[in-house]
Amino acid sequence: DVTVVAVKSVRSKDRLCHRAFYREAAMLVALDENGKEHNPDGHPNIIKLFGVITRSRPRCILLEYAAKGDLLQLLKQQTKNNVACLQGSFLRYAVHISRALKELRRLRIAHGDVAARNVLISGDDVAKLSDFGLAHDVYTTSTYISSGKNDAEELLPLKWMALESLETRKFTCESDTWSFGVLLWEIAAFGEEPDYQHEFRLSCPRLVGILRQGYRLQKPTECPDRLYDVMKSCWQED
Numbered sequence: 228d229v230t231v232v233a234v235k236s237v238r239s240k241d242r243l244c245h246r247a248f249y250r251e252a253a254m255l256v257a258l259d260e261n262g263k264e265h266n267p268d269g270h271p272n273i274i275k276l277f278g279v280i281t282r283s284r285p286r287c288i289l290l291e292y293a294a295k296g297d298l299l300q301l302l303k304q305q306t307k308n309n310v311a312c313l314q315g316s317f318l319r320y321a322v323h324i325s326r327a328l329k330e331l332r333r334l335r336i337a338h339g340d341v342a343a344r345n346v347l348i349s350g351d352d353v354a355k356l357s358d359f360g361l362a363h364d365v366y367t368t369s370t371y372i373s374s375g376k377n378d379a380e381e382l383l384p385l386k387w388m389a390l391e392s393l394e395t396r397k398f399t400c401e402s403d404t405w406s407f408g409v410l411l412w413e414i415a416a417f418g419e420e421p422d423y424q425h426e427f428r429l430s431c432p433r434l435v436g437i438l439r440q441g442y443r444l445q446k447p448t449e450c451p452d453r454l455y456d457v458m459k460s461c462w463q464e465d
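Just add 227 to the spot in the sequence shown (first one is 1) and you have my numbering.
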């Protein structure tokens, strides 16, 4: 039998790119090894690892192929405010990702970048959490912003990060819950980019100040009240 796989490679000589590659590879291997005791075939909502190639160039990670692509692009392709679609397949995807996060919590692993762009949809319509590190070097513009740490500078998804992560640069399973709330917001907003007070490109100190004042992402048009209540519960301060 022939198995179609997705290949993620690192070609850049950039230090951060290589660090993210090895970080993602190590996390996927840990997930594969530790998760098999509960799920011999891997967790159905976490992208499956087939192998890692590091002894030849380009260095590659071999992953399960998701035929329908990423959730963010699927959201953007939908008719705006398609409530039927929101309450159907897209919320089902959110349930899938909540199961993936439950598995990560069981394994005591923090993803650190839960977002629609990092959710892949398989050919049989199952959502799978992916991108355990490499995505930081792929997305720029207003999505990933420099942390401003001179000796270890990296690009961070500020608007998806929990308040405590913005302040400490530490990611936990609890901070993934905050990011999951932003993922729900992306689904309800059909792939719009999160904005705080109509500002898209925010510095870390500016965003911390906004969140400390109690401001949160506003309810998208046609978003059910109960769904927005779930989002707000994800954005509670510790």
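Glycine included, C-beta positions come from ideal geometry on N, C-alpha and C.
Close Cβ partners of residue i (< 6 Å) along its chain, the five nearest in sequence each way excluded
i: TYR455; result: LYS446
i: GLY360; result: ALA247, ARG250, GLU251
i: SER406; result: VAL341, TRP387
i: GLY262; result: HIS270
i: ALA389; result: SER402, TRP405
i: LEU444; result: TRP412, PRO421
Alpha carbon of residue i to alpha carbon of residue j, nearest angstrom
i: CYS461; j: GLY339; result: 15 Å
i: ILE273; j: LYS355; result: 5 Å
i: GLU426; j: PHE248; result: 31 Å
i: LEU438; j: GLN314; result: 28 Å
i: ASP241; j: GLN463; result: 37 Å
i: TYR292; j: PRO271; result: 13 Å
i: SER285; j: THR230; result: The amino acid at residue 285 is misidentified as Ser; the sequence shows Pro. Those two C-alpha atoms are separated by around 21 Å.
i: CYS450; j: VAL322; result: 17 Å
i: LYS264; j: ILE336; result: Going by the sequence as given, residue 264 is Glu instead of Lys. If I take the Cα positions, the gap works out to 16 Å.
i: ASP228; j: SER349; result: 19 Å
i: TYR442; j: ASP452; result: 18 Å
i: ASP403; j: LEU410; result: 10 Å
i: MET458; j: PHE398; result: 19 Å
i: LEU289; j: TRP412; result: 31 Å
i: PHE417; j: LEU334; result: 31 Å
i: ASP358; j: MET254; result: 10 Å
i: SER236; j: ARG282; result: 13 Å
i: VAL234; j: GLN440; result: 43 Å
i: TYR423; j: ARG238; result: 35 Å
i: PHE268; j: HIS245; result: It should be pointed out that residue 268 corresponds to Asp in this sequence rather than to Phe. Using only the alpha carbons, I get a separation of about 28 Å.
i: LYS329; j: LEU347; result: 17 Å
i: ASP259; j: ARG396; result: 26 Å
i: ARG326; j: ASN266; result: 13 Å
Among the options, nearest to residue i - alpha-carbon criterion
i: ARG433; options: TRP405, LEU411, GLU394, ILE288; result: GLU394
i: GLY408; options: PRO421, VAL232, LYS397; result: PRO421
i: PHE317; options: GLN440, GLU449, ARG439, ILE414; result: ILE414
i: ASP351; options: PHE359, ARG319, ALA337, ARG333; result: ARG319
i: ARG431; options: GLU391, GLY269, CYS312; result: Strictly speaking, residue 431 in this sequence is Cys, with Arg absent from that position. Among GLU391, GLY269, CYS312, the Cα nearest to that of CYS431 belongs to GLU391.
i: GLU419; options: ARG282, LEU290, LEU301; result: LEU301
i: VAL435; options: THR448, THR404, LEU411, TRP387; result: TRP387
i: LEU331; options: ASN266, CYS400, LYS235; result: CYS400
i: VAL232; options: ASN266, ASP259, CYS287, GLU260; result: CYS287
Beta-carbon proximity list for residue i, same chain, < 8 Å, skipping 5 on both sides
i: VAL256; result: LEU276, VAL279
i: VAL353; result: PRO271, ASN272, HIS323
i: LYS303; result: PHE417, GLY418
Own chain partners of residue i with C-beta closer than 7 Å, once the 5 adjacent residues on each side are dropped
i: CYS312; result: GLN305
i: LEU385; result: ILE372, LEU393, LEU429, CYS431, LEU434
Whole beta strand (DSSP E) elements within the region 297-363, 3-residue minimum: 346-348, 354-356
At least three beta-carbon pairs within less than 8 Å, the region 288-298 to the region 333-351: yes
Start-end ranges of the beta strand (DSSP E) lying completely within the region 401-459, minimum 3 residues: none
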